[in-house]
């Protein structure tokens with residue numbers, strides 16, 4: 017029964033992508049202009065997209081990119097931004113896998129197209145393209161999510177890669193599994209942190225603090241601080257949003273998402289758990305459909 021449901025899920029997703037390409041925002045925008053230089057990515061793309069100039073009163077809220085690596089609380093920040101009414105793209109969206117593969121092929125045009133359609137972005141591939149996004153969207157803000165110590169992050173990523181193997185980790189860390197490659201994983205984590213800090217504090221960039229926020233997702237928090245909504249306060253001030261007590265009361269407790277316990281306790285009969293399994297095991301097929309549709313759309317239009 018589960019096999020039939022899985023195959024049916026593949027068929028429905030593939031059919032919708034092929035039959036209704038206009039519904040897929042990845043392929044609604046194309047351009048051949050040059051991307052800004054970025055020393056922090058594999059190689060530069062030859063594709064970009066010109067951002068439209070709008071009157072001040074029509075301009076959307078500044079975009080927010082959550083650029084921490086995996087297991088630093090990126091999903092929690094994404095959930096928080098969604099609660100603040102930001103339209104959001106996260107790793108649970110299959111298109112993020114397509115975007116990651118586009119980045120590995122040095123093609124940023126799909127990423128820029130997606131960035132023009134949403135307001136908040138988290139996890140990969142956005143953590144790898146912060147410099148491009150900072151240049152293309154000069155008003156955008158960036159949140160570097162971190163753990164309270166390097167050791168805590170390492171334990172978390174080791175547990176994560178024990179549960180599932182993903183080829184993309186080889187690109188980021190040099191190995192698909194963390195266990196047995198602890199030094200390489202930790203080095204990549206530290207290098208990413210330092211690269212982000214250096215970029216946003218370098219000459220010619222905005223002063224650190226105005227565009228970049230470092231957010232330690234598991235920083236010690238007293239019951240009083242939790243009751244006051246101090247984590248909400250930090251985020252709201254950074255986003256220049258109302259930080260009043262009533263606002264924080266309405267928002268409730270700050271999200272704590274995608275942790276080890278929540279992952280292990282998911283009901284296999286719940287829709288989203290099943291969709292996650294389909295996405296994970298069928299990633300190559302689903303991304304292949306997206307890539308084929310992209311090629312076909314470019315060929316026709």
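Numbering (our numbering), first residue to last: 17 to 317. No residue lacks a Cβ here, since even glycine has one placed at the ideal position from N, Cα and C.
Can you tell me the Cβ-Cβ gap for residue 2 and residue 270, rounded? I've got them flagged as a contact below 8 Å.
As shown, the chain starts at 17 and ends at 317. That puts residue 2 outside it, with no answer to give.
Report the residue ranges of all alpha helix (DSSP H) runs contained in full by the segment 207 to 244; include only those spanning at least 4 residues, in chain order.
239 to 244
Taking all protein chains shown into account, do 16 or more other C-beta atoms lie within 10 angstroms of the C-beta of residue 63, making it buried, or fewer, making it exposed?
Per-residue confidence for residue 63 stands at a pLDDT of 37, beneath the threshold of 50, marking its modelled position as unreliable; the derived number appears in the next sentence. Classification for residue 63: buried.
What do you get for residue 85, buried or exposed, if any count of 16 or more other CB atoms within 10 angstroms of its CB means buried?
buried
Helix, strand or coil: which one does DSSP assign to residue 66?
Low confidence applies to residue 66: its pLDDT is 35, below 50, so where it sits in the model is not reliable enough to give any reading.
Determine contact between the segment 110 to 125 and the segment 139 to 148, defined as no fewer than three beta-carbon pairs at a distance below 8 Å.
yes
Drop a sphere of 10 angstroms on the beta-carbon of residue 31, count the other beta-carbons inside from all chains shown, and report buried for 16 or more, exposed for fewer.
Residue placement at residue 31 cannot be trusted, given a pLDDT of 47 that sits under 50; what the coordinates show is reported in the next sentence. The residue is exposed, with fewer than 16 neighbouring Cβ atoms inside 10 Å.
Is it buried or exposed, residue 157, if we count other Cβ atoms within 10 angstroms and call 16 or more buried?
buried
What is the rounded straight-line gap between the Cα of residue 82 and the Cα of residue 97?
10 Å
Quick check on residue 137: does DSSP put it in helix, strand or coil?
strand
Nearest-angstrom Cα separation, counted from residue 242 out to residue 192
36 Å
So residue 82 is in the alpha helix (DSSP H); what residue range does that whole segment cover?
Premise fails: residue 82 lies in the beta strand (DSSP E), 80 to 82, not in any alpha helix (DSSP H).
According to the neighbour-count rule (16 or more other Cβ atoms, all chains shown, within 10 Å of its Cβ), is residue 95 buried or exposed?
buried
With burial defined as no fewer than 16 other Cβ atoms inside 10 Å of the residue's Cβ, what is the status of residue 268: buried or exposed?
exposed
For residue 172, count the other beta carbons within 10 Å of its own beta carbon; 16 or more makes it buried, fewer makes it exposed. Which is it?
buried
Where residue 192 sits in the DSSP three-state scheme:
coil
For residue 70, which residues from the same chain have a beta carbon less than 7 Å from its beta carbon, with the 5 sequence-adjacent residues on both sides left out?
Bear in mind that a pLDDT of 37 at residue 70, under 50, signals an unreliable position, so the model cannot answer this.
Buried or exposed: residue 129, going by 16 or more other Cβ atoms within 10 Å of its Cβ?
buried
Measure the C-alpha to C-alpha separation of residue 100 and residue 212 and round it to an integer number of angstroms.
25 Å
Kindly indicate the opening and closing residues of the alpha helix (DSSP H) around residue 265.
261 to 267
Same chain only: Cβ atoms within 6 Å of residue 103, ignoring 5 sequence neighbours per side
134 and 135
Rounded straight-line distance, which links the Cα of residue 163 to that of residue 236:
11 Å
Between residue 68 and residue 246, what straight-line distance do the alpha-carbon atoms span, to the nearest angstrom?
At residue 68 the pLDDT is 39, less than 50, meaning the model places this residue with poor confidence; the figure from the coordinates comes in the next sentence. Going by the C-alpha atoms only, they are around 36 Å apart.
Leaving out the 5 sequence neighbours to the left and right, which residues in its chain are closer than 6 Å to residue 185 when beta-carbon positions are compared?
192
Run the CB neighbour count on residue 257, radius 10 Å, all protein chains shown included, and call it buried at 16 or more, exposed below.
exposed
Return helix, strand or coil for residue 161, following the three-state DSSP convention.
strand
Could you tell me the alpha carbon to alpha carbon distance between residue 330 and residue 152, rounded to whole angstroms?
Residue 330 lies beyond the stretch modelled for the chain, which goes from 17 to 317, so this question has no answer here.
So residue 174 packs on residue 195, CB below 8 Å; how close in whole Å?
5 Å
Please report the distance separating the alpha-carbon of residue 206 from that of residue 127.
25 Å
On the DSSP bridge assignment, give the partners of residue 104 in chain order.
136
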